[in-house]
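The structure appears below as structure tokens.
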Amino acid sequence: MLKNKKFWLGAVLLSALSAAPAVSPLTFDLNQVTGTVQFSQNITLLLSLALISLLPFFLMTTTSFLRIVIVLGFVRSAIGTQQTPPSAVIVSVALFLTMYVMTPVWQEINSSAIQPYNNGVISQQRAFENGLLPLKNFMLRQTREKDLVLFIEFSKIPPITDIKDVPVYVLIPAFILSELTTAFKIAFVIFAPFIVVDMVVSNVLLSLGMFMLSPVMISLPFKILLFVLADGWFLITRGLVQSFT
Numbered sequence: 352m353l354k355n356k357k358f359w360l361g362a363v364l365l366s367a368l369s370a371a372p373a374v375s376p377l378t379f380d381l382n383q384v385t386g387t388v389q390f391s392q393n394i395t396l397l398l399s400l401a402l403i404s405l406l407p408f409f410l411m412t413t414t415s416f417l418r419i420v421i422v423l424g425f426v427r428s429a430i431g432t433q434q435t436p437p438s439a440v441i442v443s444v445a446l447f448l449t450m451y452v453m454t455p456v457w458q459e460i461n462s463s464a465i466q467p468y469n470n471g472v473i474s475q476q477r478a479f480e481n482g483l484l485p486l487k488n489f490m491l492r493q494t495r496e497k498d499l500v501l502f503i504e505f506s507k508i509p510p511i512t513d514i515k516d517v518p519v520y521v522l523i524p525a526f527i528l529s530e531l532t533t534a535f536k537i538a539f540v541i542f543a544p545f546i547v548v549d550m551v552v553s554n555v556l557l558s559l560g561m562f563m564l565s566p567v568m569i570s571l572p573f574k575i576l577l578f579v580l581a582d583g584w585f586l587i588t589r590g591l592v593q594s595f596t
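In the working numbering, the protein residues as written are 352 to 596.
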């Protein structure tokens with residue numbers, strides 16, 4: 352009788368165990384972790400490429416390039432030559448003049464930020480701050496006070512005790528506005544003598560009764576001659592470089 356009870360008890364336990372849900376073993380999916388790391392690296396690479404693509408625009412708007420290329424474009428318009436010198440030549444000249452003007456700033460960035468960081472003397476954050484300071488000083492020297500005050504008021508930042516504490520996002524648009532203003536002032540000085548030549552040629556043609564003859568076609572050689580005799584490229588280059596000192 353006892354043996355029958357043990358038999359039936361064992362049968363009940365076996366049936367209960369077989370009916371119980373199976374517990375899945377704890378596993379560690381290495382592929383899932385690797386995929387997450389790879390996704391994070393891809394996002395970082397994508398952001399880096401986006402920043403690199405914006406780097407030319409950053410350099411154009413935070414250096415002397417903006418003023419130089421605008422003035423050179425106005426020189427071509429003032430003379431009256433539509434495509435001479437070509438736009439590629441104007442941009443190339445502006446680029447190399449920018450390199451010349453900005454060399455002291457870049458040397459200071461190299462000595463205060465890049466070299467100490469490569470030697471392990473300063474951290475990455477400190478290198479970024481040291482490298483940004485010479486560029487901010489350059490932009491502050493070229494920025495008009497009224498333009499800087501305008502964007503400080505728009506940004507509604509706390510009062511600034513030191514001018515060097517102006518945030519970059521406030522300084523850059525103020526610098527761009529000042530550069531545009533300065534470039535247009537220089538352009539007016541460049542345009543003035545060529546406008547006089549156009550007026551003289553037009554009056555002469557009217558007095559001679561040559562109404563059908565285009566004044567632009569007649570005045571262009573005289574404007575080119577005036578520009579060459581005055582050594583125009585030398586004067587413009589010297590004026591542009593000296594305007595940043």
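Beta carbons are placed, not taken as given, at the ideal position from N, Cα and C, and that holds for glycine.
| task | Check the C-beta distance from Ile587 over to Val440 and give it rounded, since I have them as a contact under 8 Å. | result | Against the sequence shown, residue 587 aligns to sequence position 236. Against the sequence shown, residue 440 aligns to sequence position 89. Not quite, the Cβ-Cβ distance comes to about 14 Å (not below 8 Å), so this is no contact.
| query | By Cβ distance below 8 Å, which residues in the same chain neighbour Met453 in space, the five residues on each side in sequence not counted? | reply | Sequence index remark: in the sequence shown, residue 453 carries index 102 (1-based). Here the set comprises Thr414, Ser415, Phe489.
| request: Work out the CA separation of Val517 and Ile511 for me, nearest whole Å. | output: As a position in the sequence shown, residue 511 is number 160, starting the count at 1. As a position in the sequence shown, residue 517 is number 166, starting the count at 1. Across the structure, Ile511 and Val517 are spaced so that their CA atoms are roughly 7 Å apart.
| Taking the alpha helix (DSSP H) that Thr435 falls in, what are its first and last residues? | The residue you call residue 435 lines up with position 84 of the sequence shown. That residue, Thr435, is in no alpha helix (DSSP H); it is neither H nor E in DSSP.
| request: Whole angstroms is fine: what's the gap from Leu557's alpha carbon to Pro566's? | output: Here residue 557 corresponds to residue number 206 of the sequence shown, with the count starting at 1. Here residue 566 corresponds to residue number 215 of the sequence shown, with the count starting at 1. Taking the CA atoms as reference points, Leu557 sits about 9 Å from Pro566.
| field | Residue interval of the alpha helix (DSSP H) (run including Asp516) | value | Here residue 516 corresponds to residue number 165 of the sequence shown, with the count starting at 1. Run containing Asp516: none; DSSP gives neither H nor E here.
| First through last residue of the alpha helix (DSSP H) which encompasses Asn469 | Within the sequence shown, the letter at position 118 stands for residue 469. Asn469 -> alpha helix (DSSP H) spans 466-469.
| query | Using 8 Å as the threshold, is the stretch 518-533 in touch with the stretch 401-414, meaning 3 or more CB pairs across them? | reply | Segments in contact, yes.
| task | Starting from Phe489, follow the alpha helix (DSSP H) in both directions and report where the run begins and ends. | result | On the sequence shown, residue 489 is found 138 positions in, with the first residue counted as 1. Segment 475-493, the alpha helix (DSSP H) holding Phe489.
| Under 8 Å between the Cβ atoms of Ala534 and Arg418? | By one-based count along the sequence shown, residue 534 stands at place 183. By one-based count along the sequence shown, residue 418 stands at place 67. A contact, by the Cβ cut-off of 8 Å.
| Between the C-alpha atoms of Gly560 and Ser553, what's the straight-line distance to the nearest angstrom? | As a working mapping, residue 560 is identified with position 209 in the sequence shown. As a working mapping, residue 553 is identified with position 202 in the sequence shown. Whole-angstrom Cα-Cα distance: 11 Å.
| task | Give me the Cα-Cα distance between Lys497 and Glu530, rounded to the nearest whole angstrom. | result | Along the sequence shown, one-based indexing puts residue 497 at 146. Along the sequence shown, one-based indexing puts residue 530 at 179. Roughly 13 Å separates the two Cα atoms.
| request: Tell me where the alpha helix (DSSP H) around Leu586 begins and ends. | output: For the purposes of this step, residue 586 is taken as the residue at position 235 of the sequence shown. Per DSSP, Leu586 is one residue of the alpha helix (DSSP H) stretching across 583-593.
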